[in-house]
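Asks: Using our numbering, you'd call the opening residue of the sequence shown number 1496 and step up by one each time.
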Amino acid sequence: MYRVGVIGCRGIGNRHANGAEGLPNVEVVAACDLVEEQLNSFEEQFKPTNPRLVMYTNYKEMLDTAKLDIVTVATGDNAHANMVVAAAEAGAKGIFCEKPLATTLEEADRMVAATEKSKTLLSVDHTRHWMPLWHRCHELVAEGALGEVKDVAYVHHGARSMLFRNGTHTLDTIRWFAGSKPEWLVAELEDGYEDYSEYRGDGGHDPAAEPSANAYIHFANSVRGFYLGEKQASNRSHFTVTGTLGALVIEEHANPNDNVSFIEREGGREPVKAPEWPYEGIETGFHELVQVLDGSGQLSSPGRDALTVVEMTLACLKSQQEGNSKVTWPLVR
C-alpha cells in the first residue's frame, strides 16, 4: 500500500488526491496546508475514504512523521523546490509536482539533482500528456502520419496565457511534439514588461503579475518551434504541427464542445477523435506515477523534461533583457 501525502489542499491539490481515490494500492494518509479552512474542507472530503488521514500545517513535520511513499506538491509556482527536495530526502519513492517545476534554474537543478540522487520518480503536471486527444495526436505524429516534422506552432490567447501559468504548458507541448531539445531561441515579452527579468508572479492568479511572450525556438533536430501568447485576445488556442506529408491541427475554444482536431493532407481533412479514457488530466498523471512505481511503463512528463521547460521559459526573459537576442543552450547558471 502506497502512503500518500498532499502539500497544498485547495483546488489542484484536491485533484491530486482524487487521483488516489479508487486505486486499491494507494491511501492518502497525510495532507498539509497553511489555511485552516482549506484543511477542514480537504479532511471533510477525503477522510471518509481515507480513514487514516492526518492533517498538518507544517510540511516538514508531515514528511518527518508520516512515512510517505508518494508526495504531491500543489503550492505556488515559486514554492515547489524546498518541498520536492525535502520529500526526496525523506525517502519518497514518487513525487507528483505542479507546473512549472520551478521559477529559477538553480531551484530546478536542485530538485532534479535531489530526486535523481535518491532515485525518486519525479513527475510534473504538464497536463496535456494525460489528455486523450493530445495523447492520440502525439501518437499519430510519432507514427509518421505527417512524415518528417518541420515545425510546431502554438498560438494561445486569453487572460491565462501568462508565461509561467499556461505558457509552461504551451512550451512543453511544443517541446513534446518537436521531439528534441532546444538549441536556441529568440523571444519578445508583452508590451509593458520590457524590464521583467525574473519571476514576480503570484502563483498564476493575477494576469498582470507576469507577461505573455512570443518566441522562435530552434531544436536540435532542426524542427522550428513558434510560441505566440496574447493575454488581451479571446480565450482560444490554435496548435499546428507541419510535416512533409501534411499538417495536424488542434483548435481549442472556451467551450470544449467547440474544439476541433484534424490531419490535413493533399486531398482533404481527416478528423482526429479522442479515445475514451476512464480518467484524464491530473488524475491520470497520478495514476501513471503509481503504475511506473509498480514497474509498468515510464513517466510522460519526468523532471528532466520539466527542467528543459523551465530553461525555455527563463530563456524568454533573458532574450528580452539582451535586446531580443539569441539565447543558446546550455543556459548559464
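Ideal placement from N, C-alpha and C gives every residue a C-beta, glycine not left out.
Rounded to whole angstroms, what is the Cα-Cα separation between residue 1588 and residue 1763?
Replies: Taking the sequence shown and counting its residues from 1, one reaches residue 1588 at position 93. Taking the sequence shown and counting its residues from 1, one reaches residue 1763 at position 268. One C-alpha to the other measures close to 48 Å.
Asks: Could you name the residues of the same chain whose beta carbon sits closer than 6 Å to that of residue 1715, not counting the 5 residues immediately before and after it, in chain order?
Replies: In the sequence shown, the residue the question calls residue 1715 occupies position 220. Taken in chain order, the residues that qualify are 1675, 1676 and 1678.
Asks: Taking the beta carbon of residue 1614 as the centre, do at least 16 other beta carbons fall within 10 Å, making it buried, or is it exposed?
Replies: Along the sequence shown, read from residue 1 onward, the residue named residue 1614 stands at position 119. Exposed, by the Cβ-count rule.
Asks: Taking the CB atoms as reference points, tell me whether residue 1547 and residue 1522 lie closer together than 8 Å.
Replies: Position 52 of the sequence shown, counted from the start, is the residue given in the question as residue 1547. Position 27 of the sequence shown, counted from the start, is the residue given in the question as residue 1522. Yes, the pair counts as a contact, with Cβ atoms nearer than the cut-off.
Asks: To the nearest angstrom, how far is the alpha carbon of residue 1563 from that of residue 1591?
Replies: Residue numbering aside, residue 1563 sits at position 68 when the sequence shown is read from its first letter. Residue numbering aside, residue 1591 sits at position 96 when the sequence shown is read from its first letter. Going from the Cα of residue 1563 to the Cα of residue 1591 covers about 13 Å.
Asks: So, at 6 Å on beta carbons, what are the nonlocal neighbours of residue 1510 in its own chain, with the 5 sequence-adjacent residues on each side left out?
Replies: Your numbering for residue 1510 matches position 15 in the sequence shown. So the qualifying residues of the chain are 1777.
Asks: Less than 8 Å between the beta carbons of residue 1653 and residue 1572, yes or no?
Replies: Walking along the sequence shown from the start, residue 1653 turns up at place 158. Walking along the sequence shown from the start, residue 1572 turns up at place 77. The answer is no: Cβ separation not under 8 Å.
Asks: Cα-Cα, which of 1610, 1570, 1601 and 1603 is closest to residue 1581?
Replies: The residue you call residue 1581 lines up with position 86 of the sequence shown. Checked all of 1610, 1570, 1601 and 1603; the closest Cα to residue 1581 is 1610.
Asks: CA-CA distance, residue 1783 and residue 1618?
Replies: Along the sequence shown, one-based indexing puts residue 1783 at 288. Along the sequence shown, one-based indexing puts residue 1618 at 123. Near 9 Å, if we compare the C-alpha coordinates of residue 1618 and residue 1783.
Asks: Does the stretch 1625 to 1632 come into contact with the stretch 1706 to 1720, if we say contact requires no fewer than three beta-carbon pairs (one atom in each stretch) closer than 8 Å?
Replies: Output reads no: the stretch 1706 to 1720 does not touch the stretch 1625 to 1632.
Asks: Could you tell me the alpha carbon to alpha carbon distance between residue 1811 and residue 1687, rounded to whole angstroms?
Replies: Taking the first residue of the sequence shown as position 1, residue 1811 is located at position 316. Taking the first residue of the sequence shown as position 1, residue 1687 is located at position 192. Going by the C-alpha atoms only, they are around 15 Å apart.
Asks: Under three-state DSSP, which class holds residue 1802?
Replies: The sequence position of residue 1802 within the sequence shown is 307, counting from 1. Residue state, collapsed to three classes: helix.
Asks: Quick one: complete beta strand (DSSP E) runs, 3+ long, within the stretch 1498 to 1527?
Replies: If we require 3 residues or more, the beta strand (DSSP E) runs fully inside the stretch 1498 to 1527 come out as 1521 to 1527.
Asks: Taking residue 1871 as the reference, give the member of 1722, 1760, 1499 and 1732 with the closest Cα.
Replies: In the structure displayed, the chain extends from 1496 to 1828; residue 1871 sits before or after that span and is not available.
Asks: Return the Cβ separation of residue 1568 and residue 1502 in integer angstroms, given the expectation that the two are a contact with Cβ distance under 8 Å.
Replies: Locating residue 1568 in the sequence shown gives position 73, counting from the first residue. Locating residue 1502 in the sequence shown gives position 7, counting from the first residue. Indeed, because the Cβ distance is near 5 Å, the residues count as touching under 8 Å.
Asks: What residues are listed by DSSP as bridge partners for residue 1743?
Replies: Position 248 of the sequence shown, counted from the start, is the residue given in the question as residue 1743. Residue 1743 pairs with 1736 and 1758.
Asks: In terms of alpha-carbon separation, which member of 1533, 1537, 1530 and 1532 lies closest to residue 1524?
Replies: Residue 1524 sits at position 29 when you count from the first residue of the sequence shown. Ranking 1533, 1537, 1530 and 1532 by Cα distance to residue 1524 puts 1537 first.
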